[in-house]
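Top line first, the protein sequences correspond to chains A and B.
Residues 1 to 125 (the numbering used here) are what the first sequence spells out, left to right.
Residues 1 to 167 (the numbering used here) are what the second sequence spells out, left to right.
Even glycine gets a Cβ: it sits at the ideal position worked out from N, Cα and C.
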Amino acid sequence: MANPSIQSGVLVTLEDLHPSSSFLRQGASLRVTGKLQEYTVETAIAIICHGNASLKIDTQHLRDLSFRIGSIYQFIGELLIQPDNESILQARVARNVDGIDLNLYQHSIQLLRQFQADHMKNAAT
Amino acid sequence: MNKNQIFRNTHAKLLAFDLLSLTQTPNFSSSDPISFSRKGVSLSRAEIVGVVTSCEHKANRFLKFAIDDGTGCVSCVLWLNHHSSPYFSRRNPVDVRLIAAMANQWASEIKIGVVARVRGKITAYRGEVQITVSDVVLERDPNVEMLNWLDCVRLARNCYDVVAAFK
Chain A
1 MANPSIQSGV LVTLEDLHPS SSFLRQGASL RVTGKLQEYT VETAIAIICH
51 GNASLKIDTQ HLRDLSFRIG SIYQFIGELL IQPDNESILQ ARVARNVDGI
101 DLNLYQHSIQ LLRQFQADHM KNAAT
Chain B
1 MNKNQIFRNT HAKLLAFDLL SLTQTPNFSS SDPISFSRKG VSLSRAEIVG
51 VVTSCEHKAN RFLKFAIDDG TGCVSCVLWL NHHSSPYFSR RNPVDVRLIA
101 AMANQWASEI KIGVVARVRG KITAYRGEVQ ITVSDVVLER DPNVEMLNWL
151 DCVRLARNCY DVVAAFK
């Protein structure tokens, strides 16, 4: 299947992953989007950025994806916080999203979070 | 029409977390063993859009895959047993061949990382809500997912919740 143990990747922007962020948890399943800044074939490590934020992505488990510097990619995976406190996303799903409206994307995530919070609040009352 | 049944034949556009939290009620009088409702309103079909994050293909039996829309992960099952299932043996063989060809085409296109719009019947497997697939469209526009989120939020607030409030 559809393995029930596979978690949904929580939608976050790279700016959301600041040092005191609640999203920054060991093993957290996240979906991140950003422009490819660097890619090293030998290590399969990519760096994506958006605004002033960037994130390392371990792409060793990905197949059939070519990396082009400057293109926009979306990754779903689990966050690994290393002993030196550097975060790296171990990607299990990726896609090229050139053409995405990142401004609308950020606003949509905010609206979605508000809707989910309202829904949970109403369900609890 | 009873307002409880107003969406009976509609593919409700729901976010995954909303779909996964539908109320399940055992149904003793109908052919469907479980009925599903959202805030007291019955739903039987749903449409979701998201990234395919897992796939299990059993040739001539089924394709099971997961759709992750960023709010949850929904299991989907696309049956591929049209030529062996007693359900289809009662139907016109020409129709069955066309349905089987379509399902096999979708099964060949669904891969980890693609964005799919899936429609189907809401069912349950081991207590978890899933979709028994009747239609698949692969989406190539990278903005489609967020437009779907906005559509789902609008429909939930202005349509599904409104009907539930007046029930």
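- Distances from the CA of histidine 11 of chain B to each of B:Arg119, B:Trp106, B:Arg140 were compared; the closest alpha carbon is that of B:Arg119.
- For cysteine 152 of chain B, the enclosing alpha helix (DSSP H) covers residues 144-155.
- Taking a C-beta distance under 8 Å as the contact criterion, alanine 101 of chain B and histidine 83 of chain B do not qualify as a contact pair.
- Judged by DSSP in its simplified three-state form, leucine 15 of chain B adopts coil rather than helix or strand.
- Contact check between the stretch 51-65 of chain A and the stretch 119-132 of chain B: fewer than three CB pairs, one atom from each, fall below 8 Å, which does not count as touching.
- Beyond the five residues adjoining it in sequence on each side, cysteine 152 of chain B comes within less than 7 Å, by CB distance, of Lys13, Leu14, Leu15 in the same chain, given in chain order.
- By the neighbour-count definition (other C-beta atoms within 10 Å, threshold 16), aspartate 98 of chain A is an exposed residue.
- For serine 89 of chain B, the enclosing alpha helix (DSSP H) starts and ends at 86-89.
- Within chain B, Pro142, Asn143 have C-beta atoms less than 7 Å from the C-beta of isoleucine 100 of chain A, given in sequence order.
- At a cut-off of 4 residues, the continuous stretches assigned as alpha helix (DSSP H) that sit fully inside the stretch 22-102 of chain B are 86-89.
- Per DSSP, reduced to three states, the secondary structure at aspartate 64 of chain A is coil, with no helix or strand assignment.
- In the DSSP annotation of this structure, valine 162 of chain B is not part of any beta strand (DSSP E); the continuous alpha helix (DSSP H) holding it starts and ends at 161-165.
- Interface criterion not met: the Cβ of leucine 78 of chain B is under 8 Å from no Cβ in chain A.
- Phenylalanine 75 of chain A: member of the beta strand (DSSP E) spanning 72-81, first to last residue.
- When C-alpha distances from leucine 65 of chain A are compared across A:Thr33, A:Ile48, A:Arg95, A:Gln74, the shortest belongs to A:Arg95.
- In this structure, DSSP gives asparagine 96 of chain A an extended state, which the three-state scheme calls strand.
- In this structure, the alpha-carbon of glycine 77 of chain A lies about 23 Å from that of leucine 19 of chain B.
- Taken through DSSP and simplified to helix, strand or coil, glutamate 128 of chain B comes out as strand.
- For aspartate 101 of chain A, the three-state secondary structure derived from DSSP is coil.
- With a cutoff of 8 Å on beta-carbon distance, aspartate 68 of chain B and valine 51 of chain B are scored as near each other.
- Annotation: histidine 18 of chain A has no Cβ neighbours in chain B at a cutoff of 7 Å; minimum Cβ distance is about 20 Å.
- Beta-bridge analysis with DSSP links aspartate 135 of chain B to B:Arg119.
- Under the three-pair Cβ rule at 8 Å, the stretch 138-158 of chain B does not count as touching the stretch 79-94 of chain B.
- For the pair asparagine 4 of chain B and threonine 23 of chain B, the Cα-to-Cα distance works out to about 14 Å.
- Sixteen is the threshold: when 16 or more other Cβ atoms of the shown chains lie within 10 Å of the Cβ of isoleucine 112 of chain B, as they do, the residue is buried.
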